[in-house]
Every structure is written in structure tokens, then in C-alpha cells.
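A.B. asks: Here the sequence shown stands for residues -25 to -1, 1 to 384, where the numbers follow mature numbering (1 follows the signal peptide of the UniProt record, and there is no 0).
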Amino acid sequence: MITGNLKTLVAVLAASAAMVSVAQAGGFNRGSANLDGLFSDSLGIYSGVTYVAPGRSYSSVTGLRVVGGAPAALAQGAVEFGDSFAVPYASAGGEIFANTACVGSYSQPYGADSSYSGDITYHIASQSLATRELGLTCSYRYELGKGRISFIGGVFNEYIEYDQARNFNLAFGTVGDSKINVSSDAWGYRLGLAYEIPEIALKASLMYRSQTDHTATGMYTNTPFATLAVAGGALTPVQAAAVYGANMSTTATTNASLPQSVELAVQSGVAPGWLAFGSIKWTEWSVLQSITLTEGIAGTPFSTSRFFFKDGWTVTGGVAHRFNEQLAASASLTWDRGVTTGWDTLTDTWTLAGGVAYDVNEKIQIRAGGAAIHFASGNKSKTASAVDYTAVSPSEWGYALSASASVKF
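#1: Of all the options Asn4, Leu321, Pro173, which has the alpha carbon lying nearest to the alpha carbon of residue 385?
#2: Please classify Trp162: is it buried, with 16 or more other beta-carbons within 10 angstroms of its beta-carbon, or exposed?
#3: Write down the C-beta distance between Ile341 and Ala380 rounded to the nearest angstrom, noting that I regard them as a contact closer than 8 Å.
#4: Return helix, strand or coil for Phe14, following the three-state DSSP convention.
#5: So is Leu203 buried or exposed if we call it buried at 16+ other beta carbons inside 10 Å?
#6: Count the CB pairs spanning the segment 5 to 15 and the segment 106 to 116 that are closer than 8 Å, and state whether there are at least three.
#7: Give me the Cβ distance between Tyr91 and Val54, rounded to the nearest whole Å; I'm assuming they're in contact under 8 Å.
#8: Between the Cα of Arg184 and those of Asn4, Val367, Ser66, spot the shortest distance and give me the residue it belongs to.
#9: Classify Trp260 as buried or exposed, calling it buried when 16 or more other Cβ atoms lie within 10 Å of its own Cβ.
#10: In terms of DSSP beta bridges, what is Thr229 paired with?
#11: Measure the alpha-carbon distance for Gly313 versus Gly2 and round it to whole angstroms.
#12: Is the CB-CB distance between Gly293 and Asp311 below 8 Å?
#13: Jot down the residue ranges of each uninterrupted alpha helix (DSSP H) in the segment 226 to 313, minimum 4 residues, whole runs only, in chain order.
#14: With a threshold of 8 Å, are at least 3 pairs of Cβ atoms found where one atom belongs to the segment 23 to 33 and the other to the segment 124 to 138?
#15: Closer than 8 Å is the cut-off here; do at least three beta carbon pairs connect the segment 70 to 81 with the segment 48 to 62?
#16: Would you identify the three-state DSSP class for Tyr91, choosing helix, strand or coil?
#17: Under a Cβ-count criterion, where at least 16 other Cβ atoms within 10 Å of its own Cβ denotes burial, should Phe200 be classed as buried or exposed?
#18: Cα separation between Val78 and Ser32?
#19: Taking all protein chains shown into account, do 16 or more other C-beta atoms lie within 10 angstroms of the C-beta of Val42, making it buried, or fewer, making it exposed?
#20: In terms of residues, what are the limits of the beta strand (DSSP E) holding Asp334?
#21: For a test of the three-state rule: what should DSSP assign to Pro46, helix, strand or coil?
#22: Hey, could you find the ends of the beta strand (DSSP E) Glu371 is sitting in?
#23: Taking only the alpha-carbon atoms, compute the straight-line gap between Ala303 and Ala295 and give it to the nearest angstrom.
#24: Can you check DSSP and say which residues form a bridge with Lys355?
#25: Using a Cβ-Cβ distance cut-off of 8 Å, determine whether Leu39 contacts chain D.
#26: Could you please give the first and the last residue of the uninterrupted beta strand (DSSP E) stretch that includes Gly344?
#27: What residue from Gly344, Leu168, Ser224, Ala140 has the CA that sits closest to Leu104's CA?
#28: Among Met182, Ser356, Asp160, which one has its Cα closest to the Cα of Phe282?
#29: Which stretch, first to last residue, makes up the beta strand (DSSP E) that contains Glu118?
#30: Please report the distance separating the alpha-carbon of Ala50 from that of Phe252.
#31: Contact defined as beta carbons within less than 8 Å: I believe Val367 pairs with Leu39. What is the distance between those atoms, to the nearest angstrom?
#32: For Lys338 and Phe384, I'd like the C-alpha separation in whole angstroms.
#33: State the start and end residues of the unbroken beta strand (DSSP E) segment that holds Ser82.
#34: Measuring only the C-alpha atoms, how far is Met194 from Pro276?
#35: When the Cα atoms are used, what is the spatial distance from Gly345 to Ala306?
#36: I need the DSSP call for Asp319, collapsed to helix, strand or coil.
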């Protein structure tokens, strides 16, 4: 029998797993809803934040851009583009009456933040994908054998906002920029099944999160208005100003789906004060092939982002150890299979993470962690047209830091 207080041990494991889910690549994966309250016999609040510095770059960029209406060479050296970001989460809930628990949660499941420099900004100067998930998840459990089984289900609302900017290059230099901002929200659901033997910290869970389908709308703006008129030739500056105003604003639309996923996670006490854990997750990133942003000036595409992702797989394994009644630590290694098919450099990622948890008292716990992230080299080898670019990302390292806390009532 595994003896001793395992609460601190299980909590530090949860903190480590949450940080790894943010730190690994896997398409645009970031965070997941914290559902710890579903497995607690009391009510509680759980919150935390993870800061990630991915340190991604291109070691070289080669291709063509357009200057003054004519193709021109694009050849750059190192270009950093992976912006740092922070991912918060919060949840509250627990057992509300016998055998039934519910949790309300806030998370940021997906995201991307990139900014570029030099001549490549003709193709893309920056892009940002931000998401917000608000969910309500409940479970019903009953005794089975030496443990208990839980049936889990819930709904969530997912809000997304996407921004993209490009520069226009004219014969006399780079003038102005064009921007698109679109947003959308969609509903989804999650289903799960879990089995626990609390006495030995055994828990096996299978969780499904549904696909979400978005029709995003927003605005396209170009400043100054003359830039597009001169570059495209569709309108004169006077016509553009009369129809769209000085900022040349109009509507923008796009359609996109974000993937469904399935995750199997297992943990168990293996010796006094020791816990082993592992998980495997499949994410259907192949649902995201391309996104075309359409602006209302001529009703034509402003840009098409091509992904043609393949499905992602994430595998994690690790151990946790309880040093005493208040302090515990964990270490884990995660492999995330890259989703690229040559249209980007989202290659394999390895993450080595560690975390510690400290019980201030029976009600309050604080946790902290860190991770080293290794990105395999990649090659953006595919282009959509003659006026496009290829690029190489070197093998690189990034890092992540996290802090979290929980309060029980």
C-alpha cells in the first residue's frame, strides 16, 4: 500500500502537466481547462499563469516580393518571429452535492503571436491568434470496486480573435500598412470518463474535446488610403477616399475550424511518496488546411494563410516525489510531433519540465515550475505562387515559467 499524504504530490503533478500543455508546440495549442475540482471532495478555486518565451526564428528567407508593381528579390538573414506570451487559467468548483461535482473554468486553448522584420513584411508583418474558453463541466461518480468511476460532460463557449498586418512596398519605399481584425465565437462540448483509487493516487481518465467551427467577421483598414489604390490600381486615391474614407476601412470575413482532441492520462502511486504519470493526446490539426481573409473593397481575398497541417500527437511521461507533508516536486518529459507539411516550420518539440508544490496549510497551496523547450529545425519549402518565400528555422531552445495556487473551502 502507498501510505502518506498524497494531496501535495497529486497537486504538483497537475501544475507540471498544465505548464507542459502550454509550453509544447502542437499547431497552435496553448492551454486547457483546469478540471481538478471534479475530483475534489470540497469546493475550491484554482488559478495560475504560464509565461513562454519560444525564441523561434528563421535563419534565412529567400523569395520574391513586389515593389512598385514589379517582382523584386527577397533575401534576408536571421529573422526572429516567435513572440513571448503568457497564458492564464482559472477555475472554481467541486462537489456540490453527493456524488456530483461541477467546475466553471476559464482557459486559452489556442494562440499564436508572431512579428517579422525586413522585406518579409510585404508578405506578413505580424499575426496574432487569441482565444478564450469559458466552460462549465460536471461529473457524476459512484463507487466501483476499490475506487470510484466518474462520468464527465460539459459545454464551453470559445471566442477567437485574429489579427494580421502586412506592409505595402512601392517604388519609392515601404508606405503604410494593411490590417485585418476578425473575431468569432462558437460553442463546443467535452465528454470524459475517469476511474480513481484515491488511497494510492490512481487515476485514469479519457477526455474528448469537440471541434469548433467559426465564421469570423471584422474590419479591414489600410492607412494611408492611397497605398492600396496605387499598388492595386483598382481605385484612384480620390475614389477610395470618397467610398471608404481616409482610412479605407471595410468589412472582412473568414471561416475556420479548430480541432477536436482526445487525451488519455494515467497516474498512480508506485512507492511510498512516489507517483508515476503519463499521457497521450491526439489533436486533429488536419482540419485546419487554410484560412482566406476576404475584404470588402473588391470582395476579393486579402490574403490566404496556408497550413495544410497533419494531426498532432503529444506524449508525456514523468515522476513526482513527496519530500514531506508540505513539499513535493515533479519532473516530466514531453514529445510533441510537429504538424508541418512544408508550409511552415512547426516541427517536433521536446519539453523538459519540473515543478514544486508547497502546502501553506490544509486549505492553501502554492506551486511553481519551469521548462526547457527544444524546437527541431524546420524548412518552409512550399510556396503558393511565384511571389512568395521559403525559409529555414534552425534547431532552437525556448523556456517557460509558471506560478499557480489553489484554495479549498
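By construction, the Cβ of each residue, glycine as well, lies at the ideal position given by its N, Cα and C atoms.
C.D. replies: Here's the rundown:
#1: It is not possible to answer for residue 385, since the shown part of the chain is limited to -25 through 384.
#2: Here residue 162 is taken as the residue at index 187 of the sequence shown, counted from 1. Exposed, because fewer than 16 other Cβ atoms sit within 10 Å of the Cβ of Trp162.
#3: In the sequence shown, residue 341 corresponds to position 366, counting from 1. In the sequence shown, residue 380 corresponds to position 405, counting from 1. That belief holds up - the Cβ atoms of Ile341 and Ala380 are roughly 5 Å apart, short of 8 Å.
#4: Looking up residue 14 in the sequence shown gives position 39. Helix, per DSSP.
#5: Mapped onto the sequence shown, residue 203 falls at position 228. Residue placement at Leu203 cannot be trusted, given a pLDDT of 49 that sits under 50; what the coordinates show is reported in the next sentence. Classification of Leu203: buried, given that the 10 Å Cβ count is 16 or more.
#6: yes
#7: Locating residue 91 in the sequence shown gives position 116, where the first residue counts as 1. Locating residue 54 in the sequence shown gives position 79, where the first residue counts as 1. Their Cβ separation, rounded to whole angstroms, is 6 Å, which keeps Tyr91 and Val54 in contact under 8 Å.
#8: In the sequence shown, residue 184 corresponds to position 209, counting from 1. A check of alpha carbon separations from Arg184 across Asn4, Val367, Ser66 identifies Asn4 as the nearest.
#9: Along the sequence shown, one-based indexing puts residue 260 at 285. That one is buried.
#10: On the sequence shown, position 254 is the one that residue 229 refers to. Answer by DSSP bridge pairing, in chain order: Ala191.
#11: The residue you call residue 313 lines up with position 338 of the sequence shown. The residue you call residue 2 lines up with position 27 of the sequence shown. One C-alpha to the other measures close to 7 Å.
#12: Here residue 293 is taken as the residue at index 318 of the sequence shown, counted from 1. Here residue 311 is taken as the residue at index 336 of the sequence shown, counted from 1. It is not a contact, given that the beta carbons lie outside the stated cut-off.
#13: With a minimum length of 4 residues, no continuous alpha helix (DSSP H) run stays inside the segment 226 to 313.
#14: no
#15: These segments do not touch.
#16: To locate residue 91, count along the sequence shown from 1; it is residue 116. DSSP places Tyr91 in the coil class of the three-state scheme, outside both helix and strand.
#17: Your numbering for residue 200 matches position 225 in the sequence shown. Only weak support exists for where Phe200 lies, its pLDDT of 45 falling under 50; the coordinates are left without a value.
#18: Translated into the one-based positions of the sequence shown, residue 78 becomes position 103. Translated into the one-based positions of the sequence shown, residue 32 becomes position 57. Approximately 39 Å, taken between the alpha carbons.
#19: As a working mapping, residue 42 is identified with position 67 in the sequence shown. Looking at its Cβ environment, which holds 16 or more other Cβ atoms inside 10 Å, Val42 is buried.
#20: Taking the sequence shown and counting its residues from 1, the one referred to as residue 334 is at position 359. Residues 324 to 334.
#21: The residue you call residue 46 lines up with position 71 of the sequence shown. DSSP places Pro46 in strand when its eight states are reduced to three.
#22: Indexing the sequence shown from 1 puts residue 371 at position 396. Looking at the DSSP string, the run of the beta strand (DSSP E) that includes Glu371 is 371 to 383.
#23: To locate residue 303, count along the sequence shown from 1; it is residue 328. To locate residue 295, count along the sequence shown from 1; it is residue 320. Those two C-alpha atoms are separated by around 7 Å.
#24: Numbered from 1 along the sequence shown, position 380 holds the residue referred to as residue 355. Its beta-bridge partners are Ala366.
#25: This model lacks chain D altogether, as it is built from one protein chain only.
#26: For the purposes of this step, residue 344 is taken as the residue at position 369 of the sequence shown. Taken as a continuous stretch (DSSP letters only), the beta strand (DSSP E) holding Gly344 covers 339 to 350.
#27: Counting from one through the sequence shown, the residue named residue 104 turns up at place 129. Out of Gly344, Leu168, Ser224, Ala140, Ala140 has the C-alpha closest to the C-alpha of Leu104.
#28: In the sequence shown, counting from the first residue as 1, residue 282 sits at position 307. Measuring from the Cα of Phe282, the nearest candidate turns out to be Ser356.
#29: Locating residue 118 in the sequence shown gives position 143, counting from the first residue. Run containing Glu118: 101 to 119, per the beta strand (DSSP E) assignment.
#30: Here residue 50 is taken as the residue at index 75 of the sequence shown, counted from 1. Here residue 252 is taken as the residue at index 277 of the sequence shown, counted from 1. If I take the Cα positions, the gap works out to 47 Å.
#31: The count along the sequence shown starts at 1 and reaches residue 367 at position 392. The count along the sequence shown starts at 1 and reaches residue 39 at position 64. Not confirmed; about 17 Å, so no contact.
#32: Position 363 of the sequence shown, counting from 1, holds the residue named residue 338. Position 409 of the sequence shown, counting from 1, holds the residue named residue 384. Taking the straight line from one Cα to the other gives about 7 Å.
#33: In the sequence shown, the residue the question calls residue 82 occupies position 107. Here the beta strand (DSSP E) through Ser82 covers 75 to 82.
#34: Numbered from 1 along the sequence shown, position 219 holds the residue referred to as residue 194. Numbered from 1 along the sequence shown, position 301 holds the residue referred to as residue 276. Spanning the two alpha carbons is a distance of roughly 13 Å.
#35: The count along the sequence shown starts at 1 and reaches residue 345 at position 370. The count along the sequence shown starts at 1 and reaches residue 306 at position 331. Looking at the two C-alpha atoms, the distance is approximately 10 Å.
#36: The residue given as residue 319 occupies position 344 in the sequence shown. Coil at Asp319, not helix or strand.
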